[in-house]
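A.B. asks:
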Amino acid sequence: MKRRDMLLGMGGLAGLAAVDALLGRGRARAAAPPPRAKACILVWLNGGPSHIDTFDPKPGTIAGGKFKAIPSRVDGLSLSEHLPELADVAQHLAVLRGMTSKEGNHDRAQHLLHTGYAPNPTVAYPSLGSWVGHELGDPSADLPHFVSIHGPSANAGFLGVQFNPYIVQNVKQPLANTDYAPGVNMVRFLKRKQALDALEDDFARRTGDPKVKGRRAVYARAIRMMYAPRLKAFDLTDEPEASARAYGDSDFGRGCLMARRLVEGGVRFVEVVLDGWDTHKDNFGRTRALMGALDPALSTLVKDLDARDLLSSTLVMCLGDFGRTPKISADEGRDHHPAAWSAVLAGGGVRGGVVVGATSDDGDKVVSRPTTVPELMATATTLLGIDPDKEYPTPLGRPISITDHGRVIAEIVA
Amino acid sequence: MMRTAAMLAGALAMALSPGAVDARELGAADLDRAVAAEWRQRHLKPGPVTDDAAFLRRLTIDLTGTLPSADAVREFLADARKDKRARAVDVLLGSPAYAQHWAGYWDKLLMGRTAKANPILDRPGFVAWLRTQVAANRPWNQVVYDLITATGESHDQPATNWILRYAANPTDLTGKMSRLFLGVQIQCAQCHDHPSEKWKQDDFRALTAAFARTGAVPLEDKVKGQRRRVELRDQPGPTFGGPKSADLRLIALTAPRALDGTDLAHADNRRVALAEWLTRPANPYFARALVNRYWAHLVGRGFVEPVDDFRRSNPPVMPALLESLAADFTAHQFDIQRLIRLIVNTRVYQLAVVGGAEGDVDEQLFVHHRMRPLTSEELYSALASATNLENGLLLAGLANLDALKQQLQGAFEFLFSVDEEGPPPADFAGSIQQALLFLNGKLVSRAAAAVPGMALSGILDFPAGDEARVEALYLRTLSRPPTAAERTRWVAYVNAPRDVVVESKKRQLAKLPRESRSPKKNPLGALERAARKLDPSEPTATQQAYEDLFWALLNSSEFTFQH
Numbered sequence: 004m005k006r007r008d009m010l011l012g013m014g015g016l017a018g019l020a021a022v023d024a025l026l027g028r029g030r031a032r033a034a035a036p037p038p039r040a041k042a043c044i045l046v047w048l049n050g051g052p053s054h055i056d057t058f059d060p061k062p063g064t065i066a067g068g069k070f071k072a073i074p075s076r077v078d079g080l081s082l083s084e085h086l087p088e089l090a091d092v093a094q095h096l097a098v099l100r101g102m103t104s105k106e107g108n109h110d111r112a113q114h115l116l117h118t119g120y121a122p123n124p125t126v127a128y129p130s131l132g133s134w135v136g137h138e139l140g141d142p143s144a145d146l147p148h149f150v151s152i153h154g155p156s157a158n159a160g161f162l163g164v165q166f167n168p169y170i171v172q173n174v175k176q177p178l179a180n181t182d183y184a185p186g187v188n189m190v191r192f193l194k195r196k197q198a199l200d201a202l203e204d205d206f207a208r209r210t211g212d213p214k215v216k217g218r219r220a221v222y223a224r225a226i227r228m229m230y231a232p233r234l235k236a237f238d239l240t241d242e243p244e245a246s247a248r249a250y251g252d253s254d255f256g257r258g259c260l261m262a263r264r265l266v267e268g269g270v271r272f273v274e275v276v277l278d279g280w281d282t283h284k285d286n287f288g289r290t291r292a293l294m295g296a297l298d299p300a301l302s303t304l305v306k307d308l309d310a311r312d313l314l315s316s317t318l319v320m321c322l323g324d325f326g327r328t329p330k331i332s333a334d335e336g337r338d339h340h341p342a343a344w345s346a347v348l349a350g351g352g353v354r355g356g357v358v359v360g361a362t363s364d365d366g367d368k369v370v371s372r373p374t375t376v377p378e379l380m381a382t383a384t385t386l387l388g389i390d391p392d393k394e395y396p397t398p399l400g401r402p403i404s405i406t407d408h409g410r411v412i413a414e415i416v417a
Numbered sequence: 006m007m008r009t010a011a012m013l014a015g016a017l018a019m020a021l022s023p024g025a026v027d028a029r030e031l032g033a034a035d036l037d038r039a040v041a042a043e044w045r046q047r048h049l050k051p052g053p054v055t056d057d058a059a060f061l062r063r064l065t066i067d068l069t070g071t072l073p074s075a076d077a078v079r080e081f082l083a084d085a086r087k088d089k090r091a092r093a094v095d096v097l098l099g100s101p102a103y104a105q106h107w108a109g110y111w112d113k114l115l116m117g118r119t120a121k122a123n124p125i126l127d128r129p130g131f132v133a134w135l136r137t138q139v140a141a142n143r144p145w146n147q148v149v150y151d152l153i154t155a156t157g158e159s160h161d162q163p164a165t166n167w168i169l170r171y172a173a174n175p176t177d178l179t180g181k182m183s184r185l186f187l188g189v190q191i192q193c194a195q196c197h198d199h200p201s202e203k204w205k206q207d208d209f210r211a212l213t214a215a216f217a218r219t220g221a222v223p224l225e226d227k228v229k230g231q232r233r234r235v236e237l238r239d240q241p242g243p244t245f246g247g248p249k250s251a252d253l254r255l256i257a258l259t260a261p262r263a264l265d266g267t268d269l270a271h272a273d274n275r276r277v278a279l280a281e282w283l284t285r286p287a288n289p290y291f292a293r294a295l296v297n298r299y300w301a302h303l304v305g306r307g308f309v310e311p312v313d314d315f316r317r318s319n320p321p322v323m324p325a326l327l328e329s330l331a332a333d334f335t336a337h338q339f340d341i342q343r344l345i346r347l348i349v350n351t352r353v354y355q356l357a358v359v360g361g362a363e364g365d366v367d368e369q370l371f372v373h374h375r376m377r378p379l380t381s382e383e384l385y386s387a388l389a390s391a392t393n394l395e396n397g398l399l400l401a402g403l404a405n406l407d408a409l410k411q412q413l414q415g416a417f418e419f420l421f422s423v424d425e426e427g428p429p430p431a432d433f434a435g436s437i438q439q440a441l442l443f444l445n446g447k448l449v450s451r452a453a454a455a456v457p458g459m460a461l462s463g464i465l466d467f468p469a470g471d472e473a474r475v476e477a478l479y480l481r482t483l484s485r486p487p488t489a490a491e492r493t494r495w496v497a498y499v500n501a502p503r504d505v506v507v508e509s510k511k512r513q514l515a516k517l518p519r520e521s522r523s524p525k526k527n528p529l530g531a532l533e534r535a536a537r538k539l540d541p542s543e544p545t546a547t548q549q550a551y552e553d554l555f556w557a558l559l560n561s562s563e564f565t566f567q568h
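In the order they appear, the protein sequences are chains A and B. Per our numbering, the first sequence runs over residues 4 to 417. Per our numbering, the second sequence runs over residues 6 to 568.
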């Protein structure tokens, strides 16, 4: 039993205060900094990218593999030769090279990185996107608070289904069923809705189950979305050919473009997934191809947000499950490596042109300024104006803080 | 509590002692007594028992994955016999739909939700094999024995498909095997030791080593795009652990050992040794895992949650009850139908739904039945059954119904399931897309329409009046007759004056993207066209009012939840 739990068990609120005193993080902290970011775009590199082959190159070593390193606009920040366009916007980037975690299994790591907590069967932790929707989302907004492009991403856990992401499975057809069914017009739709409401009222009364309420809230959002004037944010055909091209001719690039449009439309959290980084075989061929999609899309996203004066209010984060081993297998693969990996942040109050942390010569271990997932989460929420230590009770009454007691990574805050 | 424990221990001892005549067989009433004793001790009051209609609906969905027919509901409600609930259980357990549903359940768990084409597998053959096992109520230990030890080619030895699925990935196979058949998440020990947990990395390696002599041997050269014949068989030496992976090499060098330390290397065939250890009556994990899984599926919550995560730091509720159920299951030759019969005949299973927070004490201790959203398969079946959808598709001249069914179900899968394997978590089953699909999607809209061959068209042809029609819709969708108030409300609704909405046929067709105009790609487009040909008459206001009521019923929580 952890000391905190023991004290909680003993003394309730008094115990809680005692813990805070013990841990030196009392409630009376300095006034929270003003929010810097209004929205967040998470670029999720699914499967766990090789840090050594992307943001933490080790040229001239065996572990360094096949790729050369190139300098960027920032002294001391070199990147893989296959990320030239990102190197060219490095003045906007903060690179955390000392990320370290303990979850080496995809499911567990994806849970950790999306919710900030390791999985625990007794708590359904909400994902960061769901927290952002919960804390910042305008309940009357007509677009979803949280959109996942190519996801499924992670769900809202105990916050309830209404904070789950809206999933765009195919960027070319992002909106299914937002128009009336054949033979239905507004008058008829309202008649249908009226009948449905009567049925739902009765059933909610009869069962008293909160699940009915949650489902009705989702229906209400779905209907609001049908009439949303900003629904065009999902429609890429509105974009000039040239801007679409700059993001690269890939579905991931189109996803990043859609993310920018959604943020402009008021969506608070967008996740864009680039899948395929689990390179147990042919690491170099596959990682190179993936960087071919990542480089133009992410760099253009940063430039495009900047050009529209949105970068300062939009936090961009790019990361994946974990890093990959320095050791290269006979199949030219690299395996899972949670001990050391990189995360890249930009915009939303992040100081650009900064490298924090470093790994050993072979990329195996973090040797200076390690940073953890709770620290990353505390930084992201703080920049978004959300108190990372704010607690909510789970349905069982157990208090859970939005993030897992990490400190803000001050070096990357502008 | 002491008395309950003693009573259960007694029942358990009797069940276990070989040759003991079943003077005190475990029955549903024993389970109820044990649960009630726990409730009394904790000062918990159970809710009321559910009414007949709700019981039949719940039971039919749980045992067969679909709704009872309107006739079945009527007959059940009219049946005056005292034991009609137990009789219904027996009828459903003997139905082909039971075998179909549970074969599908195990197929999803064993083979995964996404039907990614794997040229070495024969998935239809595997499902058919499962169906045979379930229909024959083959003892669970024998089914698992076959899955673990199967050898040969996928199409003539269907049980091989499960291990063949993991041919390139013995660690995943071990993780899955342990979760499904032992209820132990040994895969958490794959990467590192957790100080507080019992299982260490070495336990994981030793268990995986049971598969280190098993391999998929190609019987012909790889030809692109064709099924590749392979044979699952055991070899004298290691089948993995080449220079590629240090982890696998270490596993191949580890002596195979079961979780309780039993040596698995002594036999000629390690898989046989593993299967024998796994399924022997003295293995405490095996029966417990299955019993907990079925209890959770039926009652709404397991003794242990998640159902496959037994460990020291995640203790079960009512452990004595779990143990006595497991002992009974073992003593009765791992008879799954007996287990199901025991559970669904309890008062605990038959409690009415009462609201409350997810995971609260009441829920943990089974004081109320908790609703859950229907799974994608159940919801599709319910929709098809309520609307007679497939009959309409047949009448529309669509030849390959199975392929269409798969496509339609596929659209549901994406929206309703995120978990690769196993049933979707309850809290994901409620997305905006899902709501939009039901609100505006063609499937629901057309299924609720008065299309010849489908439910509403038959109901509108009733010579009887609106009350009978409303009742027929209720029986089809909600599996109960409407209350007097509901009857009155909906008769007024369908008779209220309204304008007919005329669908612009050209506009609708033009909106379909080109590729989806072919009937192959868009079964519903084909249904629409066929419907127009079959029924060129213009819709009436009453017909549209009924369509709207039917649509609302299909969109309702009462329809889309199991309760």
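C-beta: ideal position from N, C-alpha, C; glycine also. Owing to the predicted nature of the structure, the values given are computational and were not obtained by experimental measurement.
Are the C-beta of Ala557/B and some C-beta of chain A separated by less than 8 Å?
C.D. replies: Yes - at least one Cβ of chain A is within 8 Å of the one on Ala557/B.
A.B. asks: I want to verify the contact list: residues of chain A whose CB lies under 8 Å from the CB of Asp553/B, in sequence order.
C.D. replies: The answer, in chain order, is Arg191, Lys194, Arg195, Ala198.
A.B. asks: Can you check DSSP and say which residues form a bridge with Arg316/B?
C.D. replies: DSSP, once it has assigned bridges, lists Asn319/B as partnering Arg316/B.
A.B. asks: Are the beta-carbon atoms belonging to Val174/A and Arg233/A less than 8 Å from one another?
C.D. replies: Their beta carbons are not under 8 Å apart, which means Val174/A does not touch Arg233/A by this criterion.
A.B. asks: Could you say which of Gln172/A, Ala144/A, His95/A, Ala72/A lies nearest to Val319/A if we only look at CA atoms?
C.D. replies: When each option's Cα is compared against that of Val319/A, the closest is His95/A.
A.B. asks: Can you name, in chain order, every residue of its own chain whose Cβ lies under 7 Å from the Cβ of Val277/B, other than the five neighbours on each side?
C.D. replies: Around Val277/B: Thr154.
A.B. asks: Any idea if Ile168/B is buried or exposed, counting beta-carbon neighbours within 10 angstroms, 16 or more meaning buried?
C.D. replies: So Ile168/B ends up on the buried side.
A.B. asks: Going along the chain, which residues of its own chain have a beta-carbon closer than 8 Å to the beta-carbon of Ala546/B, five neighbours each way excluded?
C.D. replies: Excluding positions up to five away in sequence, the list reads Pro502, Arg503, Asp504, Val505.
A.B. asks: Taking 8 Å as the CB-CB limit, is Asn108/A close to chain B?
C.D. replies: It does: the Cβ of Asn108/A has a partner Cβ on chain B nearer than 8 Å.
A.B. asks: Within the 8 Å Cβ cut-off, does Asn146/B reach chain A?
C.D. replies: Asn146/B does not count as touching chain A.
A.B. asks: Just verifying my parser: in three-state terms, what is the DSSP assignment at Thr64/A?
C.D. replies: If DSSP states are grouped into helix, strand and coil, Thr64/A belongs with coil.
A.B. asks: Check this for me: beta carbons of Val135/A and Cys43/A, under 8 Å apart or not?
C.D. replies: Yes, Cβ-Cβ distance for Val135/A and Cys43/A is below 8 Å.
A.B. asks: Taking any Cβ of chain B, which residues in the region 172–183 of chain A have a Cβ under 8 Å from it, in chain order?
C.D. replies: Answer set for the region 172–183 of chain A: Gln172, Ala179, Asn180, Thr181, Asp182, Tyr183.
A.B. asks: Quick one: what does DSSP say Ile405/A is sitting in, helix, strand or coil?
C.D. replies: Three-state result, Ile405/A: coil.
A.B. asks: Beta carbons nearer than 8 Å to chain B: which residues of the region 204–225 of chain A have them?
C.D. replies: Hits within the stretch, in order: Asp205, Phe206, Ala207, Thr210, Gly211, Asp212, Pro213, Lys214, Val215, Gly217, Arg218, Arg219, Val221, Tyr222, Arg224, Ala225.
A.B. asks: Can you have a look at Phe70/A and say buried or exposed, based on whether 16 or more other CB atoms are within 10 angstroms of its CB?
C.D. replies: The residue is buried, with at least 16 neighbouring Cβ atoms inside 10 Å.
A.B. asks: For Ser74/B, I'd like the list of residues in its chain whose CB is within less than 6 Å of its CB, leaving aside the five on either flank, ordered along the chain.
C.D. replies: Within the same chain, Ser74/B has no close Cβ partners at all.
A.B. asks: Give me the Cβ distance between Pro590/B and Thr335/B, rounded to the nearest whole Å; I'm assuming they're in contact under 8 Å.
C.D. replies: Lying outside 6 to 568, the shown extent of chain B, residue 590/B is not represented and no answer is given.
A.B. asks: Counting pairs of beta carbons, one from the region 192–210 of chain A and one from the region 547–564 of chain B, are three or more of them closer than 8 Å?
C.D. replies: Yes, the region 192–210 of chain A is in contact with the region 547–564 of chain B.
A.B. asks: Please go through the region 54–102 of chain B and give each complete beta strand (DSSP E) segment of 3 or more residues, from N-terminal end onward.
C.D. replies: Fully enclosed beta strand (DSSP E) runs of 3 or longer: not present.
A.B. asks: Can you check whether the C-beta of His302/B is within less than 8 Å of a C-beta belonging to chain A?
C.D. replies: His302/B does not count as touching chain A.
A.B. asks: Consult DSSP for Ile389/A and reduce its assignment to one of helix, strand or coil.
C.D. replies: If DSSP states are grouped into helix, strand and coil, Ile389/A belongs with coil.
A.B. asks: Give the straight-line distance between the Cα atoms of Asp364/A and Leu239/A, rounded to the nearest whole angstrom.
C.D. replies: Answer to the nearest angstrom: the Cα atoms are 44 Å apart.
A.B. asks: Please specify which runs of the alpha helix (DSSP H), each continuous and at least 4 residues long, are wholly inside the region 318–405 of chain A, giving them in chain order.
C.D. replies: As far as the region 318–405 of chain A is concerned, its whole alpha helix (DSSP H) runs of at least 4 residues are 376–386.
A.B. asks: Enumerate in chain order the residues of its own chain whose CB-to-CB distance from Leu265/A is below 8 Å, with the five nearest sequence positions on each side excluded.
C.D. replies: For Leu265/A, where only same-chain residues beyond five positions count, the Cβ hits under 8 Å are Leu146, Val150, Ala236, Phe237, Val273.
A.B. asks: Let me know the secondary structure DSSP gives Asp298/A once reduced to three states.
C.D. replies: Three-state DSSP puts Asp298/A in a helix.
A.B. asks: Assign Asp298/A to one of two classes, buried (16 or more other C-beta atoms within 10 Å of its C-beta) or exposed (fewer than that).
C.D. replies: It is buried - the Cβ of Asp298/A has at least 16 other Cβ atoms within 10 Å.
A.B. asks: Can we say the region 81–89 of chain A touches the region 323–335 of chain A, given the rule of at least three CB pairs closer than 8 Å?
C.D. replies: Contact fails: fewer than three Cβ-Cβ distances are below 8 Å.
A.B. asks: State the CB to CB distance for the pair Thr156/B and Gln147/B, rounded to an integer number of angstroms; the pair is presumed to be in contact (CB under 8 Å).
C.D. replies: That pair is no contact at about 16 Å.
A.B. asks: Just to make sure I have the definition right: I need the residues of chain A whose C-beta is within less than 7 Å of the C-beta of Gly109/B. Which are they?
C.D. replies: Result: empty, since nearest Cβ-Cβ is about 22 Å, beyond 7 Å.
A.B. asks: Could you check what DSSP says for Gly27/A in three-state terms: helix, strand or coil?
C.D. replies: Note that Gly27/A has pLDDT 39, beneath the 50 cutoff, so the model's placement of it is unreliable and the number below is only indicative. If DSSP states are grouped into helix, strand and coil, Gly27/A belongs with coil.
A.B. asks: List the residues of chain A whose Cβ lies closer than 7 Å to the Cβ of Phe315/B, in chain order.
C.D. replies: None at all; the shortest Cβ gap to chain A is about 11 Å.
A.B. asks: Below 8 Å on the Cβ atoms is my contact criterion, and I expect Lys571/B with Pro37/A to pass it. Report the Cβ-Cβ distance as a whole number of Å.
C.D. replies: Residue coverage of chain B in this structure runs from 6 to 568, which leaves residue 571/B outside it and unanswerable.
A.B. asks: Can you name the residues of chain A whose CB is closer than 7 Å to the CB of Lys205/B?
C.D. replies: Within chain A, no residue comes near Lys205/B; the closest Cβ sits about 15 Å away, beyond 7 Å.
A.B. asks: Report, in whole angstroms, the separation of the C-beta atoms of Ala455/B and Leu444/B, which I expect to be a contact under 8 Å.
C.D. replies: Actually they do not touch by this definition, with Cβ atoms about 20 Å apart.
A.B. asks: Is the Cβ of Ala66/A closer than 8 Å to any Cβ of chain B?
C.D. replies: No, Ala66/A lies away from the interface with chain B (no Cβ there is under 8 Å from its Cβ).
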